[in-house]
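A.B. asks: Dropping the structure in here first, questions after.
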Amino acid sequence: MPEVTAALSPRPEQFDRERTQVIRGLRGRRIPAVEAFGTALDGPTPEGLLPLWGPATGEWLIPPIGRGEIHRGREAPAVPDCGEPVDYGLTILDDGGPAGGRHHDERPTRGSSRSRAIWTLVDQVLSSGTNAVMSFVIAHSVSKSEFGAFAVAFAIFSLMIGFSKAVGTAPLGMKFSDVPPRVFRVAGAAGTGTALVIGLVCGVVTLAVGAAMGGSVGASLVAMGLVFPTLLLQDAWRQVFFAEGRPAAAAANDGIWAIVQFAAIYALIVRDVSTSWAMLLAWGGAAAVAAMLGVTQAGFKPAPSLVRQWVVEHRDVNGYMSAEYLTVQGAQQASTLLLGTLGAIDLVGALRGVQTLLGPTTILAVGIVSWAIPEFSRRKDLSAAARVRAAYALSAVIVAAGAAWGTIFLVLPTSIGHSLLGQTWEQTHDLLALSIVQQAGPAATVGPACMLYALGKAKLTFRANAVLAPQLVVYPIVGLEIGGGTGAVCGYILAFWVTVPIWFILVRRAAREVERDTAIALSGEPAGPAVQGRVPEHPTGTGNDQ
Numbered sequence: 004m005p006e007v008t009a010a011l012s013p014r015p016e017q018f019d020r021e022r023t024q025v026i027r028g029l030r031g032r033r034i035p036a037v038e039a040f041g042t043a044l045d046g047p048t049p050e051g052l053l054p055l056w057g058p059a060t061g062e063w064l065i066p067p068i069g070r071g072e073i074h075r076g077r078e079a080p081a082v083p084d085c086g087e088p089v090d091y092g093l094t095i096l097d098d099g100g101p102a103g104g105r106h107h108d109e110r111p112t113r114g115s116s117r118s119r120a121i122w123t124l125v126d127q128v129l130s131s132g133t134n135a136v137m138s139f140v141i142a143h144s145v146s147k148s149e150f151g152a153f154a155v156a157f158a159i160f161s162l163m164i165g166f167s168k169a170v171g172t173a174p175l176g177m178k179f180s181d182v183p184p185r186v187f188r189v190a191g192a193a194g195t196g197t198a199l200v201i202g203l204v205c206g207v208v209t210l211a212v213g214a215a216m217g218g219s220v221g222a223s224l225v226a227m228g229l230v231f232p233t234l235l236l237q238d239a240w241r242q243v244f245f246a247e248g249r250p251a252a253a254a255a256n257d258g259i260w261a262i263v264q265f266a267a268i269y270a271l272i273v274r275d276v277s278t279s280w281a282m283l284l285a286w287g288g289a290a291a292v293a294a295m296l297g298v299t300q301a302g303f304k305p306a307p308s309l310v311r312q313w314v315v316e317h318r319d320v321n322g323y324m325s326a327e328y329l330t331v332q333g334a335q336q337a338s339t340l341l342l343g344t345l346g347a348i349d350l351v352g353a354l355r356g357v358q359t360l361l362g363p364t365t366i367l368a369v370g371i372v373s374w375a376i377p378e379f380s381r382r383k384d385l386s387a388a389a390r391v392r393a394a395y396a397l398s399a400v401i402v403a404a405g406a407a408w409g410t411i412f413l414v415l416p417t418s419i420g421h422s423l424l425g426q427t428w429e430q431t432h433d434l435l436a437l438s439i440v441q442q443a444g445p446a447a448t449v450g451p452a453c454m455l456y457a458l459g460k461a462k463l464t465f466r467a468n469a470v471l472a473p474q475l476v477v478y479p480i481v482g483l484e485i486g487g488g489t490g491a492v493c494g495y496i497l498a499f500w501v502t503v504p505i506w507f508i509l510v511r512r513a514a515r516e517v518e519r520d521t522a523i524a525l526s527g528e529p530a531g532p533a534v535q536g537r538v539p540e541h542p543t544g545t546g547n548d549q
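Here you go:
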C-alpha cells in the first residue's frame, strides 16, 4: 500500500486536513497506535467520523464514535484491526467505488462565484415558484374546504422543513464547503440521513394525527405523513449541492421535481379528481422521484445510522440553529395569532397580502443565503474588513431590491391590485409603504447573518434572534392598541430595526476574532489557555465557537 503509506506518513507540519480525511469541527484526539493500521500514523486529529484503512481487508472502515478514552499528548493503545467494512452507500476513498461518485482528493472546480450565485438564484426561483404555482393550481381545482385542508398540511410542512435544515444540513454549508470530496460524501450522507429520519418521524406523527381526526383535514394530514420523508430528503439534496458548490445540480433536481409534479397534478385534474389528499400525494410522489435522482447526482445514499453521531458532533451548529428557528417562528406565529385574537382579522389578511406581494424579495434573500454561506465559508483568505464589507453589500442588495419591487405595487392601478388580491387590496395598499420599511429590517440583517453562519458562529446568531423574538410579540400588539393596523406595522418596524445594529456589531467582532486566531495559527504561537491541548480546528474558526 505505498500510496496509503505515503498519504498517512508522519509530518511535522500543523494539522493537515487533506492527510487525515476527517470530519472536522470537534476537539482533538490522538490517532491510535501505528500497529492498528499497519502503516505510520502520527499527529492529532479531530474526533468524529474517522475513515481508517484496514490492512487485513483493504477496505476503508468508519468506526463508531465511542472509541473509549481520549488520549491527549500521547499515543493511544493499539487497536486490533477487526472492524467490518461499513457500507453506507458511499463511494469512499477508492477508485473502485461505484459509478457516479467523484474519486479524487482534489476538490473539483465548480465554476466561478458568479455562476454559482446565478444557479443558486435559478434554483430558488424554481423551488419557491413551483410551490406557489402548485398552490394556485390546487386552489382553482378543489373546493374552499379542500384547499383549507391542503393549507393546513402545507403549513406543517413549511414549519418542519426549516427545522430539518437547521438540524440536518446546516453544518454542511458552514463546515464542509471546502473539504475533500471523500470527506464531504461522509458528511453529506450523515446530513441527508438526518433529514430522512426527521421526515420519517414527522410522517408517522402527522399520519397518526390525521387518522385520528378524519374528514378532509385528516385525509390531507395522512397524505402528508406518507410523503413527508421524500419531501425533506429532496430539500436536503438541494442543501448538499449548495454546500458542494454545485447549485446547477440543485436546479436540475428541482426542475425534474417541477415537471413530474405538474404532470401528476394535470393527470388528476383531467380525471376530475378534486381532493386535497390526492394532490398532496402527487406533489410528494414527484418529490420521491427527485430524491432518488439526488442519490444518482451525489454519488452516495443517505446514512440514517449516522444521525446520532451527526447531531451530537455538530450541536454547536444544529442546536443553536434549531432553537433559533423555532424561537423566531414561534414569535412570528404568536404575534399573528394575537393580532387575530384581538379582533384584527382583516389586518392579518392584509399583512398576508403584503407578504404575497413582496414574496419575490424573500426568494432573492433565501437564494443569497443559500449561495453566500458555503461561498464565504470556503473563502479563508478574506480579511475581517473584507468580510464586514461583504456583509454590508449583501444586505444592501436585498434592501434595494425589496424597496424597488415594493414601489412598483405602490404605483399600481387599483384595478390591477383588485385583480391580484380582491377585497384585501385596499387595506394592503394602505399598509404597503410601511411594510416596505418593515421588510427592509430583516433584509438588512441577511448580510451579517450569512457571514456569521459562514464563520460557524451559530451561537451568536441565536443570541441576536433571541433578542428579536420577544419584541416581535410585544411591539406589534402595543402598536395595535395605540394606532390600529398602522400602529401594528410600526411595531414590527421597531422590533426589526432595533436589532439591526446588533448584527453588524456581532459580525465585526467575530470577523476580527477569526482574523486574529488565523494569524496566531499561521505563526505557530500558542493561542492561550483556552485552547491548550486542542487541535486548531480550522484557521477560520468554523468549528465550535463556544
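Note that our numbering has the sequence shown beginning at 4, numbered continuously upward. Beta carbons are placed, not taken as given, at the ideal position from N, Cα and C, and that holds for glycine.
Rank Phe187, Leu235, Trp506 and Thr209 by C-alpha distance to the C-alpha of Ala156 and give the top, closest one.
C.D. replies: Thr209
A.B. asks: Taking Cβ to Cβ, would you say Asn321 is nearer than 8 angstroms to Ala198?
C.D. replies: no
A.B. asks: If you draw a straight line from the alpha carbon of Ala142 to that of Phe153, how long is it in whole angstroms?
C.D. replies: Taking the straight line from one Cα to the other gives about 9 angstroms.
A.B. asks: Name the two residues that bound the continuous alpha helix (DSSP H) containing Arg392.
C.D. replies: Ala387 to Leu413
A.B. asks: In chain order, what are the residue ranges of uninterrupted alpha helix (DSSP H) at least 4 long that sit wholly in the region 123 to 180?
C.D. replies: Listed in chain order, the alpha helix (DSSP H) elements of length 4 or more contained wholly in the region 123 to 180 are 147 to 167 and 173 to 178.
A.B. asks: Would Ile485 be called buried (16 or more neighbouring beta carbons within 10 Å of its own) or exposed?
C.D. replies: exposed
A.B. asks: Is the beta carbon of Thr330 less than 8 angstroms from the beta carbon of Gln242?
C.D. replies: no
A.B. asks: From this set, Thr417, Ser277, Val510 and Val400, which residue's C-alpha is nearest Ala388's C-alpha?
C.D. replies: Val510
A.B. asks: Please determine if the region 364 to 383 and the region 398 to 411 are in contact, where contact requires at least 3 C-beta pairs separated by less than 8 angstroms.
C.D. replies: yes
A.B. asks: Touch check for the region 189 to 207 and the region 304 to 323: three-plus C-beta pairs under 8 angstroms?
C.D. replies: yes
A.B. asks: Do Phe465 and Glu327 have their CB atoms nearer than 8 angstroms?
C.D. replies: yes
A.B. asks: Note the first and the last residue of the continuous alpha helix (DSSP H) segment covering Gly320.
C.D. replies: The sequence as given places Val at residue 320; Gly does not occur at that position. Annotation for Val320: the continuous alpha helix (DSSP H) segment containing it runs Arg318 to Thr344.
A.B. asks: Okay, do the region 272 to 285 and the region 215 to 225 touch, 3+ Cβ pairs below 8 angstroms being the bar?
C.D. replies: yes
A.B. asks: If I follow the unbroken alpha helix (DSSP H) through Glu378, where does it start and stop?
C.D. replies: That run of the alpha helix (DSSP H) goes Gly362 to Ser380.
A.B. asks: Out of curiosity, what's the CA-to-CA distance linking Val128 and Trp240?
C.D. replies: 17 angstroms
A.B. asks: Use the C-beta contact count for Tyr323: other C-beta atoms within 10 angstroms, 16 or more gives buried, fewer gives exposed.
C.D. replies: buried
A.B. asks: Pop quiz: Gln376 and Cys453 are said to be a contact at Cβ under 8 angstroms. What is the actual Cβ separation, rounded to whole angstroms?
C.D. replies: Here residue 376 turns out to be Ile, not Gln, going by the sequence shown. Confirmed, about 6 angstroms.
A.B. asks: Out of Pro174, Gly420, Leu458 and Gln335, which one is the CA nearest neighbour of Pro473?
C.D. replies: Gln335
A.B. asks: Just to confirm before moving on: does the CB-CB distance between Ala158 and Thr233 stay below 8 angstroms?
C.D. replies: no
A.B. asks: So, are the CB atoms of Leu342 and Phe412 less than 8 angstroms apart?
C.D. replies: no
A.B. asks: Kindly list the residues whose CB is nearer than 6 angstroms to the CB of Val263, restricted to its own chain and excluding five residues on each side of it in sequence; keep chain order.
C.D. replies: Result list for Val263: Ala289 and Val292, in chain order.
A.B. asks: Sorted by chain position, which residues of the same chain lie with C-beta nearer than 8 angstroms to Gly333's C-beta, five sequence neighbours on each side aside?
C.D. replies: Non-local beta-carbon contacts of Gly333 in its own chain, meaning distances under 8 angstroms to residues more than five positions away in sequence, involve Ala472 in chain order.
A.B. asks: I need the straight-line Cα distance from Ala9 to Leu236, nearest angstrom please.
C.D. replies: Reliability of the predicted coordinates at Ala9 is poor, the pLDDT of 33 falling under 50, and the value obtained from them is presented with this limitation in mind. Between Ala9 and Leu236, the C-alpha separation is close to 38 angstroms.
A.B. asks: Am I right that Gly405 and Ala436 are in contact with their C-beta atoms under 8 angstroms? What's the rounded C-beta distance?
C.D. replies: No, Gly405 and Ala436 are not in contact; Cβ-Cβ is about 13 angstroms, not under 8 angstroms.
A.B. asks: Buried or exposed for Tyr456, please, with buried defined as at least 16 other CB atoms from any protein chain shown within 10 angstroms of its CB.
C.D. replies: buried
A.B. asks: Can you tell me whether Asp384 is buried or exposed, with buried defined as 16 or more other CB within 10 angstroms of its CB?
C.D. replies: Residue environment for Asp384: exposed (fewer than 16 other C-beta atoms within 10 angstroms of its C-beta).
A.B. asks: In whole angstroms, what separates the C-alpha of Gln358 from that of Ala522?
C.D. replies: 45 angstroms
A.B. asks: With burial defined as no fewer than 16 other Cβ atoms inside 10 Å of the residue's Cβ, what is the status of Arg392: buried or exposed?
C.D. replies: Looking at its Cβ environment, which holds fewer than 16 other Cβ atoms inside 10 Å, Arg392 is exposed.
A.B. asks: Does the Cβ-Cβ distance between Leu423 and Gly488 come in under 8 angstroms?
C.D. replies: The Cβ atoms of Leu423 and Gly488 lie no closer than 8 angstroms to each other.
A.B. asks: Near Ala469, which residues of its chain fall below 7 angstroms by C-beta distance, leaving aside the five closest residues on each side in sequence?
C.D. replies: Thr330
A.B. asks: Alpha helix (DSSP H) containing Phe213: first to last residue?
C.D. replies: In the sequence as presented, Phe is not what sits at residue 213; that position holds Gly. Per DSSP, Gly213 belongs to the alpha helix (DSSP H) from Pro184 to Met216.
A.B. asks: For a quick check, are the C-beta atoms of Ala252 and Thr133 less than 8 angstroms apart?
C.D. replies: Against a cut-off of 8 angstroms, the Cβ pair of Thr133 and Ala252 comes out as no contact.
A.B. asks: Would DSSP call Ser277 helix, strand or coil?
C.D. replies: coil
A.B. asks: How is Asp384 classed by DSSP in three states: helix, strand or coil?
C.D. replies: coil
A.B. asks: How long is the line joining the alpha carbons of Arg355 and Ala491, rounded to whole angstroms?
C.D. replies: 14 angstroms
A.B. asks: If you follow the alpha helix (DSSP H) that Ser422 is in, where does it begin and where does it stop?
C.D. replies: Counting along the chain, the unbroken alpha helix (DSSP H) around Ser422 starts and ends at Thr417 to Leu424.
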